[in-house]
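Novice: Residues in the sequence shown are numbered from 5 upward in steps of one, following this note's numbering.
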Amino acid sequence: MIQHFCHNWAFYTLLTWLPSFLKDELAFDLKSAGFVSVAPYFACMVFAIAGGFLADRVIARGVAIVTVRRGAQVFAELLPAIATVACSYVSDKYVAVALITLSVGFSGTAGAGYGSNHLDLIPEHAGALFGLSNSIATIPGIVSPWLTGVILGDYKAPAVPPVSHWRIVFYLSSGLVVVGLACYLLMSRATYIDLDTDDSGSDDVEDGGRG
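The structure is reproduced here in structure tokens:
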């Protein structure tokens, strides 16, 4: 849930404020900003599909499921965190867009990470478990856009928020996903939990033994 919460914080921050960043800081007009802001989410879809396919192939080759989940999560959090911060330091707007696209794109591999972990733990109740996790992880969808607005300040056109304010926003979201990743790497498991016996190890299924 921690990873899910932190991941969604970064996701909702960009989802709600990316057009403003493109318009105010990268000097895209509104029409172009709307079009360009779609590209990262198309990349996310591609990475999510490719990541899931690759994860299944790696698991089929005998790699432990928990190792695959953690590896996918590293790609989904660490690389986007670096790219997101970097985009606020580059002067070329197309390079910045490329970094944002990579950031959101790689975040799609979370589907092969924590996004599939519920099926490893309790496949019979994976929907309920994910629903609980997603309910908590939806909170950033309320708080993140509001807090970002507070950080950027109340600027009226033609004035725009200084780039230093955007850097605070990006450092905050990137810092949270790194914290979430650290928690996931330390605490994640992929061992089946048998709720009937209340003994997660009673079925002798190891992390790498289920595909």
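Virtual Cβ for every residue (Gly too), placed ideally from N, Cα, C.
Tell me which residues share the same chain as Arg214 and place their Cβ nearer than 8 Å to its Cβ, disregarding the 5 neighbours each side in the sequence.
Specialist: Note that Arg214 has pLDDT 46, beneath the 50 cutoff, so the model's placement of it is unreliable and the number below is only indicative. Cβ neighbours of Arg214 beyond the five flanking positions: Ile69, Asp124, Ala194 and Tyr196.
Novice: Which value, in whole angstroms, describes the spacing of the CA atoms of Gly112 and Val50?
Specialist: 8 Å
Novice: Whole angstroms is fine: what's the gap from Ser120's alpha carbon to Glu29's?
Specialist: One C-alpha to the other measures close to 36 Å.
Novice: In three-state terms, what does DSSP make of Val173?
Specialist: helix
Novice: Please state whether the Cβ-Cβ distance between Lys27 and Ala37 is less than 7 Å.
Specialist: yes
Novice: Using the beta-carbon count (16 or more within 10 Å), is Ala31 buried or exposed?
Specialist: exposed
Novice: On the three-state DSSP scale, how would you describe Cys91?
Specialist: coil
Novice: Would DSSP call Ser36 helix, strand or coil?
Specialist: Taken through DSSP and simplified to helix, strand or coil, Ser36 comes out as helix.
Novice: Is it the case that the Cβ atoms of Val154 and Glu81 are separated by a distance below 7 Å?
Specialist: No, these two residues do not count as a Cβ contact at 7 Å.
Novice: With a cut-off of 8 Å, do at least 3 Cβ pairs link the region 40-54 to the region 169-184?
Specialist: In short, these stretches do not touch, since the Cβ pair count stays below three.
Novice: Are the Cβ atoms of Ala141 and Asn12 separated by less than 7 Å?
Specialist: Yes, Cβ-Cβ distance for Ala141 and Asn12 is below 7 Å.
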